Amino acid sequence: MCITHKEVADRIIQCLTEKQAQLRSSIVLAGSVNYHLRIKLLKGPNYQGLITVRFFALKHTDEVFLDFTGKTILGMSINNNQVENIDWDGNFLKLKGVKQGRNEILVHYENKYDNDGNGLHSFIDEDKKQYIYTNLAVIYCRRVFPCFDQPDLKGSFQLTAISPKDWIVLSNEIPSEKLDVSTHFNQKETIYSLEFIKQIIEDNSSYDLREFPESKPLASYLFGIMAGPYAEVKCKQTYKNIPMSLFTRESIMPHLLRISDFLFEVTNKSMEVYERIFGYDFPFNKYDQIYVPEFNWGAMENAGIVTFNDLYVYREEVDSVKLTKLANTTSHELSHHWFGNLVTMKWWNDVWLNESFADFISHYCLSQFQTTTRPMSDIWVAFNARKAWGYRTDEQVTTHPIAGSVPDTNTAENVFDGITYAKGAATLRQLFSLVSVENFSKAMKEYFHKFEWRSATLSDLINTVDEQFQQSGSSFSLSSWQKTWICKAGLNKCIPLFDPSSRDVNSKLVIKQTYTLEMHPTLRNHKMKIAFFDENAKIVHQQDILLQDQPETVITYDGSKGNYKALLLNYQDETFIKIAFDSHSIQFFKENLNKVDCELSRTLIWQAFYNMVRDGDLSSEEYIELFINHINLEKSDGLISNQLQFLETAFLSFTPGKYSKILGNKIFDFLWSMIEGSDDSQVNKKLALIGYLPSFAKSEEKVRKLLEWYNRKALTKETMGIKTQWQIVQAVYRIKDISKEEKEELFQTQSQKDKSDQVPLYEQYCKSLLASPEEKEKLWQSYLDPNNPLSTRLLEYSLMGFKSHSTTELTQKYQLLWLQNLSYVFKTCKRELFKAYVLYLQPSQETLDEEFNNSLLKIKSEITEDVLHKVLLECQDNNSRKQKAISTFLANTKLTV
């Protein structure tokens, strides 16, 4: 094969549409795809590959194409015929002359490593060592090599990897021992591009070669390559002797070793639970977990080689809530090896099948065992905290059905949200309780055996579960449940009309059901429990009810059995619904919240009060007072940690700026006193309090107090971790009255203490925060540059600092510029840069800015992209919610400033 260079200048990256994918699926026979990737992984910015793609076409056609967005195609052949004029627009590589039957495509290409966390990402750490890894969902396999980058065209993968001798290479299968490069290629040169061989042989003494056997059929997004001087810790005793290791960078391996026993315990016990529930053995040959830098997500379920964000490799001791989140992520990714990897969705509209299922079943799985290496917090309290994400997303005007239309991969990238994860998980929990654990397990066994190594749809799952449900003798059909819960958007809200003075044997309780958005007026059936509390805040009666899909449901209860003072709907948190209190219960729980015995019930009550703040029904000032009155008496350290997170949001997002110092001081002093008053046995409680304390230091006085602690002149008994140290540096930089010289001296001191890869991140934050107006203008221009050399993670820290501290005039200027450049950034920059631009620079306004609002409406009327409409709608929605909460605060405040 001769070399015919093909590059595409000034290309615009295009998405893949569902129609394109359907057309390709109608031609390429499912199950016939095989890839053999030979890849030379180089130190530095570039790598090179040679890919053979084999597949069976159902007809002779010119309509088949491969997805590829790499740098350069060096040569190509179709069925051993060299292609002289390569038809490639930088997105789609068209295959002219595909014959009916078996086809073989060979592409030799050159590429650059990525720096945005997608594709084949490269990172150089503080030891000057280079680490690379893939992250390929939703459609980033096409960055790494030409492929059919859609989930239903699953293929088997063979990998031959050439890499520097001091690197290891990991993939979905267990590799051969290191082989000699020149010997291997001399034996097999007939199947390789002569040019590719030549370029390898010239310097083979610096490289090793590894061959990986053919994988099980996988969707392209589940393939994985990780390479570099990664350090490894092996599990000595694994479930069923399945090979299992943890990997991470050498520089942070000591921190991973501290929690490795915990991670192996969670993995092994989860694997045992899943095999029992699913009735199907773990389907892969090994299970490795690798913690990588600058990862965009929490983790990714590459088959047999799961990637995790190495922020999970805690550099200091953390509380049980954080450990439980790590355990849940670990179990979540493992569950995907059945739901997602073994059976894969046909198209991205059913991605919720992967994520909702994994989100629910991982929590259920962790509820089935106790860990002995490290304690976890209550898993169903953690599940409720996760549901808050779903409630928040489902209340926005941009909400969508759990299973909705996904016309293209741009849309697909925007459905990984609180609906797909948290609401879907809560909905599946309800399904789980409806059909019973036993019937659900039987259905899963049938489902996985029927669709193993293939793709499936929502209907396939529902039909399998419904069939098992009907065999159990139930008259309930899941089809109506599917229509209202899965296929319709919107959140329901319920409020009781409760009269505590009623003592009748047949007392009536009216429960009103509404919807939070007029555009989504669906009312649903909700299976739930209700709990009645006596004057001592003890639950003295609970009752199973069905809230009907109508405006009012009347419940009969026995009011003669107790002195009922308050009522809690959705006791035990079985359904996905926003609960509200009647006036009697509001007052009772304000006074007696800490007396409620059940931790999950206290969590539900706290959540309802927090939702009142978000809705503008309770001011953040009142919420803060409620927190101070009750949290010091809280018995659960895990609940304290979760509620600190909500307190932080209520303070930062729903409190007027001019009151931030006075309220921040109040919270800061309270938390400081809690830390001082906690004994040494309350480790989780103190870790949580210390983690949130710097968030409330909004005055120079409190920042100075943090500096005393930093310099070991206060709280001398309390250990300060690296993260807290950096939080204090950030707090110092935010205070105008502290000199630039003092700030920079502190930064240098902290940089000498840390010396890790975290230093450049905080350097970007502090640099952009202190930038002069002229420097801010230069930074702004860099944010609009599609070729910005900063990695996504570094850029995120720069953006955070940029927005953190500006004059009113600068804020107004850049809010308008944010609007005016939104479409440009979307069209020209990588998707992760666009996401960062939206997330970190989106305007947040306490009062309506007419100029900004008029500009937003004008731009919204001109753009055509759904993704941009969604961004602008959410911007409006967030500002409206904030402004309503601020109005409530100002109307009710007792503070003067």
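So for the sequence shown, this note's numbering puts the first residue at 111; every next one is plus one. Ideal Cβ positions, reconstructed from N, Cα and C, are used throughout, including at glycine. All figures in this text were calculated on a predicted structure; none of them were measured in a lab.
Y250, buried or exposed, once every other Cβ within 10 Å from all chains shown has been counted against 16: Here residue 250 corresponds to residue number 140 of the sequence shown, with the count starting at 1. Buried is the call here.
For V103, which three-state DSSP category applies? Given a span of 111 to 1007 for the chain in the structure shown, any question on residue 103 remains unanswerable.
Determine the extent of the beta strand (DSSP E) in which K344 is found, giving its start and end residues. Residue 344 sits at position 234 when you count from the first residue of the sequence shown. Unbroken beta strand (DSSP E) run through K344: 341-344.
Where V575 and F550 are concerned, what is the direct C-alpha to C-alpha distance, given to the nearest angstrom? Residue numbering aside, residue 575 sits at position 465 when the sequence shown is read from its first letter. Residue numbering aside, residue 550 sits at position 440 when the sequence shown is read from its first letter. Each residue's alpha carbon lies about 7 Å from the other.
CA-to-CA distance, S472 to T612, given in whole angstroms: Walking along the sequence shown from the start, residue 612 turns up at place 502. Walking along the sequence shown from the start, residue 472 turns up at place 362. The amino acid at residue 612 is misidentified as Thr; the sequence shows Ser. Our two residues, S612 and S472, have alpha carbons roughly 43 Å apart in a direct line.
Boundaries (first-last residue) of the beta strand (DSSP E) holding P606: Counting from one through the sequence shown, the residue named residue 606 turns up at place 496. Counting along the chain, the beta strand (DSSP E) containing P606 begins and ends at 602-607.
Output the boundary residues of the beta strand (DSSP E) element that contains H651. Here residue 651 refers to the residue found at position 541 when the sequence shown is read from its first residue. Segment 649-657, the beta strand (DSSP E) holding H651.
What's the C-alpha gap between F418 and Q399? Translated into the one-based positions of the sequence shown, residue 418 becomes position 308. Translated into the one-based positions of the sequence shown, residue 399 becomes position 289. Answer to the nearest angstrom: the Cα atoms are 7 Å apart.
Along the chain, where does the beta strand (DSSP E) containing H218 start, and where does it finish? In the sequence shown, residue 218 corresponds to position 108, counting from 1. Looking at the DSSP string, the run of the beta strand (DSSP E) that includes H218 is 211-222.
Where in the stretch 361-414 do unbroken runs of the alpha helix (DSSP H), each at least 4 residues long, occur, reported from the N-terminal end onward? Counting whole runs of 4 or more residues, the stretch 361-414 contains the alpha helix (DSSP H) stretches 363-388.
By DSSP, does S587 sit in helix, in strand, or in coil? Within the sequence shown, the letter at position 477 stands for residue 587. In the three-state reduction of the DSSP assignment, S587 falls in the coil class.
Which partner residues of S232 appear in the DSSP bridge assignment? Taking the sequence shown and counting its residues from 1, the one referred to as residue 232 is at position 122. Answer by DSSP bridge pairing, in chain order: I242.
Extent of the continuous beta strand (DSSP E) run through K326: For the purposes of this step, residue 326 is taken as residue 216 along the sequence shown, with counting starting at 1. Per DSSP, K326 lies in no beta strand (DSSP E) segment and is marked neither H nor E.
Going by DSSP, which residues form a beta bridge with V163? Position 53 of the sequence shown, counted from the first residue, corresponds to residue 163. Partner(s): Y145, I215.
Taking the alpha-carbon of N412 as reference, which of N245, K593, Y219, L932 has the nearest alpha-carbon? Counted from its first residue, the sequence shown places residue 412 at position 302. Per the Cα distances, N245.
Own chain, CB closer than 7 Å to F857, minus 5 neighbours either side, in chain order: Along the sequence shown, one-based indexing puts residue 857 at 747. Around F857: V839, C876.
Note the first and the last residue of the continuous alpha helix (DSSP H) segment covering A495. The residue labelled residue 495 in the question sits at position 385 within the sequence shown. 489-504 is the span of the alpha helix (DSSP H), which, as asked, contains A495.
Taking only three categories from DSSP, how would you classify R320? Numbered from its first residue, the sequence shown carries residue 320 at position 210. It is a strand residue.
For F944, which residues from the same chain have a beta carbon less than 7 Å from its beta carbon, with the 5 sequence-adjacent residues on both sides left out? Stepping through the sequence shown from its first residue, residue 944 is reached at position 834. In its chain, beyond the 5 residues on either side, V935, F936 have a beta carbon closer than 7 Å to the beta carbon of F944.
Neighbour-count burial assignment, C597, 16 or more Cβ in a 10 Å radius: The count along the sequence shown starts at 1 and reaches residue 597 at position 487. Around the C-beta of C597, fewer than 16 other C-beta atoms lie within 10 Å, and the residue is accordingly described as exposed.
Tell me the rounded alpha-carbon separation between V396 and D707. As a working mapping, residue 396 is identified with position 286 in the sequence shown. As a working mapping, residue 707 is identified with position 597 in the sequence shown. The displayed chain sequence assigns Lys, not Val, to residue 396. Taking C-alpha positions only, K396 is separated from D707 by approximately 44 Å.
At which residues does the beta strand (DSSP E) containing K639 begin and terminate? Taking the sequence shown and counting its residues from 1, the one referred to as residue 639 is at position 529. Taken as a continuous stretch (DSSP letters only), the beta strand (DSSP E) holding K639 covers 636-643.
Which residue spans inside the stretch 810-895 form an unbroken alpha helix (DSSP H) run of at least 4? Within the stretch 810-895, the complete alpha helix (DSSP H) runs of at least 4 residues are 810-820, 832-844, 850-864, 868-879, 883-893.
Helix, strand or coil for N616? Go by DSSP, reduced to three states. Sequence index remark: in the sequence shown, residue 616 carries index 506 (1-based). N616 falls in the coil class under three-state DSSP.
Can you tell me which of the three DSSP states K622 falls into? If you number the sequence shown from 1, residue 622 lands on position 512. Taken through DSSP and simplified to helix, strand or coil, K622 comes out as strand.
Mind checking Q192: buried by the 16 CB within 10 Å criterion, or exposed? For this step, residue 192 is matched to residue 82 along the sequence shown. So Q192 counts as exposed.
Determine which residues share a DSSP beta bridge with L905 and list them. Here residue 905 refers to the residue found at position 795 of the sequence shown. DSSP output for L905 lists no bridge partner at all.
With 16 other CB atoms within 10 Å as the buried threshold, where does W716 fall? As a first step, residue 716 is located in the sequence shown; it is residue number 606 there, counting from the start. It counts as buried.
Locate the beta strand (DSSP E) running through T358, then write down its first and last residues. Counted from its first residue, the sequence shown places residue 358 at position 248. Per DSSP, T358 is one residue of the beta strand (DSSP E) stretching across 354-358.
Spatially closest choice to I137 from A167, V118, I161, by CA coordinates: In the sequence shown, counting from the first residue as 1, residue 137 sits at position 27. Nearest C-alpha to I137: A167.
Could you give the distance in angstroms between the alpha-carbon of F233 and the alpha-carbon of F912? What you label residue 233 is simply residue 123 of the sequence shown in a count that begins at 1. What you label residue 912 is simply residue 802 of the sequence shown in a count that begins at 1. So the alpha carbons of these two residues sit roughly 24 Å apart.
Output yes or no for whether 8 Å exceeds the beta carbon distance between A535 and D488. For the purposes of this step, residue 535 is taken as the residue at position 425 of the sequence shown. For the purposes of this step, residue 488 is taken as the residue at position 378 of the sequence shown. No, the pair does not count as a contact, with Cβ atoms beyond the cut-off.
Please work out which residues of its chain come closer than 8 Å, Cβ to Cβ, to L927, disregarding the five sequence neighbours upstream and downstream, and give them in chain order. Residue mapping note: residue 927 aligns to position 817 of the sequence shown, counting from 1. Around L927: W890.
Here's a check: name, in chain order, each residue in its chain whose Cβ is nearer than 7 Å to the Cβ of T300, leaving out the five neighbours to either side. Position 190 of the sequence shown holds residue 300. Confidence is the limiting factor: at T300 the pLDDT is only 49, short of 50, which leaves the residue's position unreliable, though a coordinate-based value still follows. Once the five neighbours on either side are set aside, T300 has no close Cβ partner at all.
Three-state secondary structure assigned by DSSP to E961: For the purposes of this step, residue 961 is identified with residue 851 of the sequence shown, where counting begins at 1. In this structure, E961 counts as helix in the three-state DSSP scheme.
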